[in-house]
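In our numbering, the protein residues as written are 67 to 287.
All residues carry an ideal CB built from backbone N, CA and C; glycine is no exception.
All remarks here apply to the structure that follows.
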């Protein structure tokens, strides 16, 4: 898993609060509108478990704890320096488990998974396909994939085609921007279907899209 492995070092070396104070702020997500937006697709009357894939500095976990009730929140993060931040914030919280692990190796069953703040872009195309098929094995309800519009308002620069990178003075991260037909391909031979693709506006006016991959949908959805 070379692209995901290389990107881990970028985030491991990034300054404290780089994700929340730089990337999230630039994307217009400081008020957590992306997480609030996906709440309408979760059945909160049922006790549920949720994975925050690439938990970073805990922005999503913190918002989940303050606003909704879950049986278990799993914060899965690959970068060691971010694990230290997560432990400092949530180690005493009984419903949060912190996992220092590549999400591709995480195997505990959950109901939902959140791939917030362009997390999917951290993988190359092959890895994205592997990730969705891996989540099919452990997620019983829905996967939420949050992305900026292609060639729209996102952090980073395009290298060529759908490949993009974000470069800072301590290193760079590269990834791949999937289009709808590719996400449909990723869902092939899984129980996932695209329930909906929702557009929303961030607090600085940028447009992002939320893919909701669901199981147990009618055949014609």
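Sequence-distant residues of its chain with Cβ nearer than 6 Å to residue i (five each side left out)
i	result
residue 219	Because the pLDDT of residue 219 is 45, which lies under 50, any placement of that residue in the model is unreliable, and the question is left without a value.
residue 211	181, 186 and 277
residue 129	98 and 101
residue 288	The requested residue 288 does not occur in the structure, where the chain is confined to residues 67 to 287.
residue 174	none
residue 168	144
residue 115	137, 138, 176 and 177
7 Å Cβ shell around residue i - same chain, five flanking residues per side excluded
i	result
residue 265	273 and 275
residue 268	93, 94, 95, 99 and 274
residue 126	101, 118, 180 and 182
One or two residues paired with residue i in a DSSP bridge
i	result
residue 132	The partner list for residue 132 (beta bridge, DSSP) is empty, contrary to what the question assumes.
residue 163	140
residue 212	276
residue 264	276
residue 259	280
residue 176	205
residue 181	211
Rounded separation between residue i and residue j - CA only
i	j	result
residue 202	residue 158	30 Å
residue 166	residue 140	11 Å
residue 76	residue 83	14 Å
residue 247	residue 124	31 Å
residue 112	residue 278	19 Å
residue 270	residue 97	10 Å
residue 237	residue 231	10 Å
residue 228	residue 209	22 Å
residue 244	residue 250	10 Å
residue 145	residue 122	8 Å
residue 176	residue 138	9 Å
residue 156	residue 105	22 Å
residue 193	residue 133	32 Å
residue 161	residue 149	17 Å
residue 196	residue 103	26 Å
residue 184	residue 263	15 Å
Distance CB(residue i)-CB(residue j) smaller than 9 Å
i	j	result
residue 181	residue 200	no
residue 152	residue 143	yes
residue 252	residue 204	no
residue 110	residue 80	no
residue 147	residue 78	yes
residue 207	residue 280	yes
Other residues of its chain near residue i: CB distance less than 8 Å, five sequence neighbours each side excluded
i	result
residue 283	259 and 261
residue 154	none
Contact test: residue i Cβ vs the ligand COA heavy atom, cutoff 8 Å
i	result
residue 203	The ligand COA is not part of this structure, which contains no ligands at all.
Those runs of the beta strand (DSSP E) which lie wholly inside the region 101-129 and span at least 3 residues: 115-119
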